[in-house]
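Okay, structure first, notes after.
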Amino acid sequence: MFLSGLLTPAALIFATGMLIIILIFNLYSRQIFEYLSMMKNPFNGKSQDSAKDIYSFLSVAAERVSKLESRLMSENSEHLFNELALLMRATTARVLGVPSSFTLEYLEKHIRAINLDPRARAEMLIFHRDLLLLREIHLTKRDVSVLMLRSKRLLRIFSILMRVTR
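To convert, note that position 136 of the sequence shown is 135 in numbering that gives the first Met the number 0; the numbers rise steadily by one, no gaps.
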């Protein structure tokens, strides 16, 4: 009598469902745990600073980019580009915990070692590659303005990722 209650269709469906869930979890547990740990700490603890310190640094960097943007009409765009490049280099180094004198190859290798969102990773690498390429040519105010907008976007991405770690 007790056994017949256990073998009802609903109980069998429930048991089958649980077995499937356990099987899927066992097969993909490593990926699931990696994803959950990435959500908790997207920078994988590589930076020496606390999330709060980096977050305040990012807000200061965003403020500085806005000030550079407002100075764009009255000042030499090449000078502002150099300031922007130094600022974004320092920001990336601080957030990722890499030396501020990083090369693009070093940054690319280091980013692959941590669990950073692939879109953010690609955007950061493309941005830094562009900064290196544009250093060699004459920049117009419009070029620098576009780079400032991209800088703001990258800072927003960093800020969003840092909020996840708080």
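Here a beta-carbon is modelled for each residue, glycine too, at the ideal position from N, C-alpha and C.
With contacts defined by Cβ atoms closer than 8 Å, L57 and F126 do not form a contacting pair. Here the C-alpha atom of F80 lies approximately 21 Å from the C-alpha atom of L106. When secondary structure is reduced to three states using DSSP, F157 falls in the helix class. For R152, the number of other beta carbons within 10 angstroms of its own is below 16, and it is reported as exposed.
Per the C-alpha coordinates, the member of V64, H78, T102 positioned closest to L86 is V64. The beta carbons of I53 and V97 sit no closer together than 8 Å. Straight-line measurement puts the Cα of R162 at about 35 Å from the Cα of N75. Short of 8 Å from the beta carbon of R88, and not among the five residues preceding or following it, lie these beta carbons of its own chain, in chain order: S99, F101, H127, L130. In the DSSP assignment, S76 falls within the alpha helix (DSSP H) that extends over 76–95. Going by DSSP, I136 is part of no alpha helix (DSSP H) at all; its letter is neither H nor E.
In the structure shown, S144 adopts helical secondary structure according to DSSP, grouped into three states.
Counting only the Cα atoms, I23 lies some 40 Å from T90.
In the displayed model, P117 falls within a helix according to three-state DSSP. I136 and A84 have their C-alpha atoms some 14 Å from each other. Under the DSSP assignment, S100 falls outside any alpha helix (DSSP H); it carries neither an H nor an E label.
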